[in-house]
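Peer 1: Residue numbers for the sequence shown follow full-length UniProt numbering, beginning at 1 and rising by one.
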Amino acid sequence: MSTPTHPEPTATGLTAARPTGPIATEPTETITREPAEPAEKETASSRVSQDNSNDNNSNDGSNSESNNETMPVSQTSWTGHPKIKGPTEPIRMFLLTCSMIGLQFCWGTEMTYCTPYLLSLGLSKSMLSLVWIAGPLSGLVMQPVVGMISDKWTGKYGRRRPFMVAGTVGVVICLVLLAWMEDIVGIFISNDERRRTITIVAAVFDIYVLDFVINVVQATCRSLVVDMLPVHKQHLGSAWVSRVAGLGHLLVYAIGSIDLMATLGQSFLGNTQFKKVCVIAAIALILSQGITCYAVQERALVLNDKHDKEWKSAYSVLRDIWDTTMKLPPPIRAICWVTFWSWIGWFPFLFYSSTWVGEIYLRYSATRQTSNDALSDVGRVGSTSLVVFSLVSFIISIILPYLARSVDDTENTNYTVRPSQRMAKVVRSLQSWHIQRPTIAQAWTVANIMFAVSMVWAPTVRSVGFATVLVALCGVPWAIGGWASFALIGAEINKLSSDIPQAHRRNGTYQQVPDDAVELDSPTLHLRHDSDASAHGASQTGELAGIYLGILNLYTTMPQFIGTGISTIVFSILEPGKSPELTDAGEGLQAPKDGMSGIGVCLFIGALCAGMAAWKCRDLGKG
Numbered sequence: 001m002s003t004p005t006h007p008e009p010t011a012t013g014l015t016a017a018r019p020t021g022p023i024a025t026e027p028t029e030t031i032t033r034e035p036a037e038p039a040e041k042e043t044a045s046s047r048v049s050q051d052n053s054n055d056n057n058s059n060d061g062s063n064s065e066s067n068n069e070t071m072p073v074s075q076t077s078w079t080g081h082p083k084i085k086g087p088t089e090p091i092r093m094f095l096l097t098c099s100m101i102g103l104q105f106c107w108g109t110e111m112t113y114c115t116p117y118l119l120s121l122g123l124s125k126s127m128l129s130l131v132w133i134a135g136p137l138s139g140l141v142m143q144p145v146v147g148m149i150s151d152k153w154t155g156k157y158g159r160r161r162p163f164m165v166a167g168t169v170g171v172v173i174c175l176v177l178l179a180w181m182e183d184i185v186g187i188f189i190s191n192d193e194r195r196r197t198i199t200i201v202a203a204v205f206d207i208y209v210l211d212f213v214i215n216v217v218q219a220t221c222r223s224l225v226v227d228m229l230p231v232h233k234q235h236l237g238s239a240w241v242s243r244v245a246g247l248g249h250l251l252v253y254a255i256g257s258i259d260l261m262a263t264l265g266q267s268f269l270g271n272t273q274f275k276k277v278c279v280i281a282a283i284a285l286i287l288s289q290g291i292t293c294y295a296v297q298e299r300a301l302v303l304n305d306k307h308d309k310e311w312k313s314a315y316s317v318l319r320d321i322w323d324t325t326m327k328l329p330p331p332i333r334a335i336c337w338v339t340f341w342s343w344i345g346w347f348p349f350l351f352y353s354s355t356w357v358g359e360i361y362l363r364y365s366a367t368r369q370t371s372n373d374a375l376s377d378v379g380r381v382g383s384t385s386l387v388v389f390s391l392v393s394f395i396i397s398i399i400l401p402y403l404a405r406s407v408d409d410t411e412n413t414n415y416t417v418r419p420s421q422r423m424a425k426v427v428r429s430l431q432s433w434h435i436q437r438p439t440i441a442q443a444w445t446v447a448n449i450m451f452a453v454s455m456v457w458a459p460t461v462r463s464v465g466f467a468t469v470l471v472a473l474c475g476v477p478w479a480i481g482g483w484a485s486f487a488l489i490g491a492e493i494n495k496l497s498s499d500i501p502q503a504h505r506r507n508g509t510y511q512q513v514p515d516d517a518v519e520l521d522s523p524t525l526h527l528r529h530d531s532d533a534s535a536h537g538a539s540q541t542g543e544l545a546g547i548y549l550g551i552l553n554l555y556t557t558m559p560q561f562i563g564t565g566i567s568t569i570v571f572s573i574l575e576p577g578k579s580p581e582l583t584d585a586g587e588g589l590q591a592p593k594d595g596m597s598g599i600g601v602c603l604f605i606g607a608l609c610a611g612m613a614a615w616k617c618r619d620l621g622k623g
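(1) Could you tell me which whole alpha helix (DSSP H) segments of length 4 or greater appear in the segment 144-231?
(2) Skipping 5 residues on each side, what residues in its chain have a beta carbon closer than 6 angstroms to that of L123?
(3) Can you tell me the Cα-Cα spacing of I566 and C602, whole angstroms?
(4) State the Cα-Cα distance for the pair M326 and I398, rounded to the nearest angstrom.
(5) Under three-state DSSP, which class holds L269?
(6) Less than 9 angstroms between the C-beta atoms of G158 and A300, yes or no?
(7) Just verifying my parser: in three-state terms, what is the DSSP assignment at S353?
(8) Report buried or exposed for Q218, applying the criterion of at least 16 other Cβ atoms within 10 angstroms of its Cβ.
(9) Mapping the DSSP letters down to three states, classify V302 as helix, strand or coil.
(10) Please classify residue 633 as buried or exposed, where buried requires at least 16 neighbouring CB atoms within 10 angstroms.
(11) Does DSSP put Q436 in a helix, a strand or coil?
(12) Leaving out the 5 sequence neighbours to the left and right, which residues in its chain are closer than 8 angstroms to L328 when beta-carbon positions are compared?
(13) Which residues in the same chain have their Cβ closer than 6 angstroms to the Cβ of E492, if we skip the five residues on either side of it in sequence?
(14) Take Y294 as the anchor and find which of I573, R195, P559 and G86 has the nearest alpha-carbon.
(15) Decide yes or no for the touch test of the segment 439-451 against the segment 483-491: beta carbon pairs closer than 8 angstroms, at least 3 of them.
(16) Following the continuous beta strand (DSSP E) through K85, name the residue where it begins and the one where it ends.
(17) Quick check on P559: buried or exposed, where buried means 16 or more other Cβ atoms within 10 Å of its Cβ?
(18) Do you know whose CA, among I255, L236 and V131, lies nearest I207's CA?
(19) Are there three or more Cβ pairs, one per stretch, closer than 8 angstroms when the segment 173-185 is compared with the segment 268-284?
(20) Any chance the segment 138-145 sits against the segment 568-576, with 3 or more Cβ pairs inside 8 angstroms?
(21) Is the beta carbon of T97 closer than 9 angstroms to that of R243?
(22) Return helix, strand or coil for T97, following the three-state DSSP convention.
(23) For C114, which residues of its own chain have a beta-carbon under 7 angstroms away from its beta-carbon, when the five flanking residues on both sides are left out?
(24) Apart from the five residues on each side of it in sequence, which residues of its chain come closer than 6 angstroms, Cβ to Cβ, to A11?
(25) Who are the Cβ neighbours of T324 in its own chain at under 7 angstroms, not counting the five residues just before and after it?
(26) Following the continuous alpha helix (DSSP H) through T115, name the residue where it begins and the one where it ends.
(27) So the alpha helix (DSSP H) L470 belongs to, where does it begin and stop?
(28) Residues in its own chain within less than 7 angstroms of A284 by CB, not counting five upstream and five downstream?
(29) With a CB to CB cut of under 7 angstroms and the five nearest residues on each side skipped, what residues in its chain are close to Y352?
(30) Give the DSSP-derived three-state secondary structure of I286 in the structure shown.
(31) Counting C-beta neighbours from all protein chains within 10 Å, is the total for F268 16 or more, i.e. buried, or is it exposed?
(32) Apart from the five residues just before and just after R405, which ones in its own chain have a Cβ nearer than 8 angstroms to its Cβ?
(33) Just the Cα atoms here: how many angstroms apart are G270 and D320?
(34) Taking 8 angstroms as the threshold, find out whether the segment 374-391 comes into contact with the segment 341-361 through three or more Cβ pairs.
(35) Determine the burial state of W322: buried for a count of at least 16 other Cβ atoms within 10 Å of its Cβ, exposed for fewer.
(36) State buried or exposed for I84, treating a residue as buried only when at least 16 other CB atoms are found within 10 Å of its CB.
Written out as structure tokens, the structure reads:
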């Protein structure tokens, strides 16, 4: 049941829906067409009405000085109107989330080629697992910190896009340096053994920097989606993020599975497969980030209060994150714990699955002739399996949001995602069979179970075909997990921003609005935000998006440290030396077939943790 609303004139002369309740100054958001005149500066009121009587509902919405006290608060101002270009809603949603395509190109390139690349240089697998601690370490530090800093950013181009652009420049530089690292080191060092050692050290350092700057881009891209959409669109926005990310994965793995040396020639975009893929990833990132930054216009934040203008120290930022983490609302805490356990399982899969399939190929299928270029063989075979994985994930990300119930279906069925004509037939067919559509929490539970059942067989696999099937099946839980976690937490963030009493809240960047306030036929989507004052001078509720998504990222990165520790122990026991598949096989020798695969054991342990994640799903929606 939606909250009853009464129309009230706003400062701009438009009519906004205003919820009734104890405080009659709740900010609202409507989506309107772009006005002909330039955007006016939206300034928060410097005073907040505080009701001292027991009458919670005002008949005419006016403030009575005789019945209310007022107290001064700090001002937070905004300039401009947030909008998304595009003639239709699907196009606008694609433009908003297009930035994720380039991100997946970068992550896909790193996860597919960097592992065999470092192994081919002679790095042991136990040391390699310590290299990939760069991912969780960078996420642990960068995403929450960048989220909080960007929440306070006052540049005229908005809070998120400047960080997206700066991070993109850093990622491109790191990718190019990584691809040509051997050549660059070779200019200064002629001794083969020393050159290889220096190349390993420089490549590892480059990967660390790369992960840090990628997380800058990723944190702001995610926050931008949450910032630009109201609560009833979070479900759809998260679905589009999952779809576009799946498309990016599909494209990068499809390109990686092609013999680019034969297709593009020996010199164009580099003289190795690895160089060509890195350059393509850099180009994809530039294009995708450029499209989103062009299509989306954010409001610019103006801090008028001296306290708001003061930048917090690193200690203060981390302390705020810690305090918020310790006091998480129960629904968000439940989402975080499911994410925690599931990511212990996903860590070895994401970083080692393509290498696992490639090693199975070298162990049981490759001949002496085909194993002469082990790095390219592992990259292409692994990419082929991930193409199927990404295709499955992409298809699921398209159809599942229409089959699952929206986050707030129980509150207002008008907010359910409207399926296309074809999907509507599928939905009606399910209804005719009296099949109830699952909730997002139920879908996430099934996803974790499916991942656990698939990966529990990993240590026993001896066939490239069987390994590819298992990897492909994991595309289903990957699509569901990525969509479900952000759909649930995005809705909870918006609910928090609308539930906090006005005298104690941070001003809302987005609020739930009724369907009749949404104009989807406009060539440009405008999000009107009416700013009210904050009693404590805090920033708008967009800060909730930055800090809570940063905390969710903590629960994504911390299990990766655990996964790194598990991988290090497993590889130290089962494969303590150099990779025989990539170092010995590269010299024309048949890779050994004896012994259990260390990666397979890591995947098995991950399956057990995914089972724990399925168990924790029972807490979703409680509290």
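C-beta atoms are modelled at their ideal positions from N, C-alpha and C, and glycine is treated no differently.
Peer 2: So, to answer that:
(1) 161-179, 181-188 and 192-228
(2) I200
(3) 7 angstroms
(4) 36 angstroms
(5) coil
(6) yes
(7) helix
(8) buried
(9) strand
(10) Nothing about residue 633 can be reported from this structure: the residues present for the chain run from 1 to 623 only.
(11) coil
(12) C336 and I551
(13) P331 and I332
(14) G86
(15) yes
(16) K83 to K85
(17) buried
(18) V131
(19) yes
(20) no
(21) yes
(22) helix
(23) I207
(24) Caution applies to A11, whose pLDDT of 33 falls short of 50 and renders its modelled position unreliable; the value that the coordinates give is listed next. The answer is none, since no qualifying residue turns up.
(25) I547 and I551
(26) T115 to S120
(27) V464 to L473
(28) I101, G102 and F105
(29) T115, I599 and C602
(30) helix
(31) exposed
(32) T416, R437, P438, T439 and I440
(33) 46 angstroms
(34) yes
(35) exposed
(36) buried
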